[in-house]
Amino acid sequence: MADPPPYPGTPGWVKASGIAGGVLVLLVIIVLVTGVGGSHGPGRHMPSGSGGAPLSSVTEPGAQQP
Amino acid sequence: MMLTPGLRKFVLTAHVISSVGFLGAVAGFLVLAVAGLASQDAQTVRAAYLAMELIAWFVIVPLAFTSLVIGIVQSLTSQWGLFRYWWVLAKLVLTVLTVTVLLLQLEPIGYVARAAAEGTLSSADLRGLRTSFVWPHGTGGLLVLFLTTTLSVYKPRGMTRYGWGKQHEQRPLSQP
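These protein sequences, in sequence, are chains A and B. Number 31 in my numbering belongs to position 31 of the first sequence; there are no gaps in the numbering. Number 168 in my numbering belongs to position 168 of the second sequence; there are no gaps in the numbering.
Listed below in structure tokens is the structure:
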């Protein structure tokens with residue numbers, strides 16, 4: 001039985017996408033670590049306990065009320 | 001295990017419907033997120049966030065999971081495999097990433113919807129959260145889904161090393 005042909009290598013579009021994705025992940029990490037984009041995560045901007053505090057704590061009376 | 005041609009077409013149809021539906025639902029979500037952020041009309045703002053929560057839970061999440069599960073089943077029951085071609089692997093990674101971010105966003109979406117129901121949407125803190133529904137989460141999700149759809153159509157060439165090995169270990173068996 002003949003040996004299988006050698007692997008032709010990773011396509012260019014995969015390499016380019018991998019580099020772009022890596023740069024993107026690096027940027028996100030930099031933003032998160034330096035805090036340039038503010039605090040992040042699903043619980044941000046929420047009172048402690050992510051929704052546990054009463055909503056009235058963030059109310060500005062009169063604004064955007066019909 | 002390979003599927004019969006009829007069943008394969010059925011699974012493909014279900015995958016296209018769920019995937020394109022997922023994309024369309026995220027587009028609708030994004031429009032509502034922009035309306036909720038930009039509108040000067042309080043009723044429109046409240047309605048937008050209430051609708052966003054409903055769309056997220058009852059349209060986007062079911063379609064996202066349907067698309068992911070059917071996509072995995074479809075690839076495992078066809079010659080494409082799940083880890084044999086780069087484009088299939090890329091789709092899997094991007095879809096898992098999108099579904100993960102979506103699940104993490106459900107709590108903030110619910111929080112803003114509850115605030116909308118009680119008319120407490122004017123705080124600066126909530127404005128930041130509402131902005132994040134537009135960018136990065138809504139727009140980013142939509143761009144990723146454009147990408148996965150494009151990959152499905154173009155199927156760019158290239159096998160993984162695993163796929164290459166599998167293809168060449170199977171060939172001698174199929175050729176007497």
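Glycine included, each C-beta is placed from N, C-alpha and C at the ideal position.
When the distance is taken between beta carbons, is residue j closer than 7 Å to residue i?
i: MET159/B; j: TYR49/B; result: no
i: ILE72/B; j: ALA14/B; result: no
i: VAL88/B; j: SER67/B; result: no
i: ILE17/B; j: GLU53/B; result: no
i: ALA25/B; j: LEU63/B; result: yes
i: TRP80/B; j: TYR7/A; result: no
i: LEU94/B; j: THR139/B; result: no
i: GLN37/B; j: ALA51/B; result: The question names Gln, but residue 37/B in the sequence shown is Leu. Going by C-beta atoms, LEU37/B is not nearer than 7 Å to ALA51/B.
i: LEU23/B; j: LEU126/B; result: no
i: LYS91/B; j: LEU151/B; result: yes
What does residue i pair with, by DSSP beta-bridge criteria?
i: MET159/B; result: TYR85/B
Spell out whether any CB of chain B is found under 7 Å from the CB atom of residue i.
i: VAL31/A; result: no
i: VAL14/A; result: yes
May I have the straight-line CA-CA distance separating residue i from residue j, to the nearest angstrom?
i: PHE133/B; j: LEU30/B; result: 7 Å
i: TYR162/B; j: GLN105/B; result: 35 Å
i: LEU129/B; j: VAL33/A; result: 19 Å
i: ASP41/B; j: PRO11/A; result: 51 Å
i: SER39/B; j: ALA16/A; result: 40 Å
i: GLY91/A; j: MET2/B; result: Residue 91/A cannot be examined here, being either before or after the span of chain A that is shown, 1 to 66.
i: LEU12/B; j: VAL20/B; result: 12 Å
i: GLY18/A; j: THR120/B; result: 43 Å
i: TRP13/A; j: TYR154/B; result: 12 Å
Hey, is residue i's beta-carbon within less than 7 Å of any beta-carbon in chain A?
i: MET52/B; result: no
i: TRP135/B; result: no
i: GLY36/B; result: no
i: LEU173/B; result: The predicted model places LEU173/B with a pLDDT of 49, which falls under 50 and marks its position as unreliable; any figure quoted below should be read in that light. For LEU173/B, the answer is no, since every Cβ of chain A falls outside 7 Å of its Cβ.
i: HIS181/B; result: Chain B is shown only over 1 to 176; residue 181/B falls outside these bounds and no answer can be derived.
i: TRP86/B; result: yes
i: GLY163/B; result: no
i: GLY158/B; result: yes
Can you give the beta carbon distance from residue i to residue j, rounded, assuming they're within the 8 Å contact cut?
i: THR98/B; j: GLY141/B; result: 6 Å
i: VAL45/B; j: ALA116/B; result: 7 Å
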